[in-house]
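> In the working numbering, the protein residues as written are 3 to 298.
Cβ coordinates follow ideal geometry from the N, Cα and C atoms, glycine included.
My questions will all concern the structure given below.
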């Protein structure tokens with residue numbers, strides 16, 4: 003990862019002269035700076051980005067800029083994939099082809115450290131599932147003010163907590179944002195992000211909404227219960243507690259478990275989960291402590 007820290011983004015962006023991928027946050031800045039060739043995205047969805055991917059490569063651009071928050075930064079990393087005849091962006095991305103264009107990333111708000119590391123949070127709406135991948139060799143431009151403010155963001159606090167829950171007690175909450183993201187890159191996702199990605203994928207919640215719900219629940223307690231031995235009476239009692247607390251989610255807990263184990267089992271095993279039973283106990287306890295379910 004190459005990082006350039008600047009006083010102002012104006013000069014860096016004015017000299018870009020290439021397609022600029024923006025989300026809601028980035029669109030406002032792009033308009034203020036009078037940027038041209040702006041491409042709007044809503045999320046880093048492998049299916050939803052197909053037309054934008056085609057437009058970029060038909061233009062013959064050799065570089066793209068990702069300007070904004072979570073959607074724009076991660077979408078730009080995905081859109082660097084080459085355009086191959088007869089193959090969709092989704093197919094090419096899973097082939098792990100070498101990027102066809104250079105990517106300049108200009109984060110405007112923290113994005114679970116995907117804004118300043120090789121991490122990528124990509125969504126595949128065809129499955130549906132959130133996936134954590136890596137994209138190497140990108141260049142990042144950030145202001146001094148951004149780096150200072152990012153360290154105090156709620157999303158950054160989630161990153162610190164996720165690493166702590168994963169057993170990394172050496173993480174200093176006062177660590178610089180760049181250092182923190184460098185550490186998280188090799189340790190993501192932790193149990194909190196895995197639970198949030200699962201809820202988002204299965205229940206159709208936004209990722210931020212799912213993270214907020216999970217972070218606001220009794221996650222430490224749920225994680226502890228996942229590894230506790232239970233007798234039949236205790237098991238039945240906790241089943242009934244979930245059924246009373248979340249009648250809608252009680253019927254979907256099995257689906258949540260299957261999804262988490264299918265897509266994140268390697269990481270879950272490294273976190274100490276030996277099988278689906280422990281994942282089931284985690285979600286059973288977690289869902290019981292969630293507030294009344296709406297649509298986060």
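Which of the three DSSP states is assigned to residue 297 in this structure?
Its pLDDT being 44, under 50, residue 297 is placed unreliably by the model, and the measurement read from it follows with that caveat. Of the three classes helix, strand and coil, the one that applies to residue 297 here is coil, per DSSP.
> Counting only runs of 4+ residues fully inside the region 44-94, write out the alpha helix (DSSP H) ranges in chain order.
52-60 and 72-81
> Over what stretch of residues does the alpha helix (DSSP H) that includes residue 217 continue unbroken?
Note, residue 217: alpha helix (DSSP H), 209-218.
> Quick one, are the C-beta atoms of residue 20 and residue 118 less than 8 angstroms apart?
No, the Cβ-Cβ distance between residue 20 and residue 118 is not below 8 angstroms.
> How big is the Cα-Cα spacing for residue 279 and residue 61?
51 angstroms
> On the three-pair Cβ rule with 8 angstroms, is the region 63-80 touching the region 118-133?
At 8 angstroms Cβ cutoff, the stretches touch.
> Apart from the five residues just before and just after residue 297, which ones in its own chain have a Cβ nearer than 7 angstroms to its Cβ?
At residue 297, the pLDDT of 44 sits below 50, so the modelled position is not reliable; the number obtained from the coordinates is stated separately. These residues qualify, in order along the chain: 207.
> Between which two residues does the alpha helix (DSSP H) carrying residue 126 extend?
Element bounds for residue 126: not the alpha helix (DSSP H) but the beta strand (DSSP E), 121-126.
> Give the C-beta separation of residue 290 and residue 228 to the nearest angstrom, bearing in mind that I take them to be a contact with Cβ-Cβ under 8 angstroms.
About 13 angstroms separates the two Cβ atoms, so there is no contact after all.
> How would you label residue 287, buried or exposed, when you count the other beta carbons within 10 angstroms and need 16 or more for buried?
buried
> Within the continuous alpha helix (DSSP H) that includes residue 282, where are the two ends?
278-290
> What residue does the beta strand (DSSP E) around residue 16 start on, and which one ends it?
Residue 16 -> not in any beta strand (DSSP E); alpha helix (DSSP H) instead, spanning 12-16.
> Unbroken alpha helix (DSSP H) runs of length 4 or more, entirely within the region 229-265: which are they?
234-247 and 249-252
> Quick check on the burial criterion: 16 or more other C-beta atoms within 10 angstroms. Buried or exposed for residue 44?
exposed
> Quick check: the Cα distance between residue 164 and residue 199, rounded to an integer number of angstroms?
13 angstroms
> Can we say the region 178-197 touches the region 146-164, given the rule of at least three CB pairs closer than 8 angstroms?
yes
> What distance in whole Å lies between the Cβ atoms of residue 59 and residue 14, which are believed to be in contact at a cut-off of 8 angstroms?
24 angstroms between Cβ atoms; not a contact.
> Using 8 angstroms as the threshold, is the C-beta distance between residue 110 and residue 169 below it?
no
> Since residue 179 is in the alpha helix (DSSP H), which residue starts that stretch and which ends it?
For residue 179, the uninterrupted alpha helix (DSSP H) segment begins and ends at 179-187.
> To which residues of the same chain is residue 65 closer than 6 angstroms at the C-beta, ignoring the five residues directly before and after it?
Taken in chain order, the residues that qualify are 20, 103 and 104.
> Go to residue 163, then tell me how far its alpha helix (DSSP H) extends in each direction, as first and last residue.
156-167
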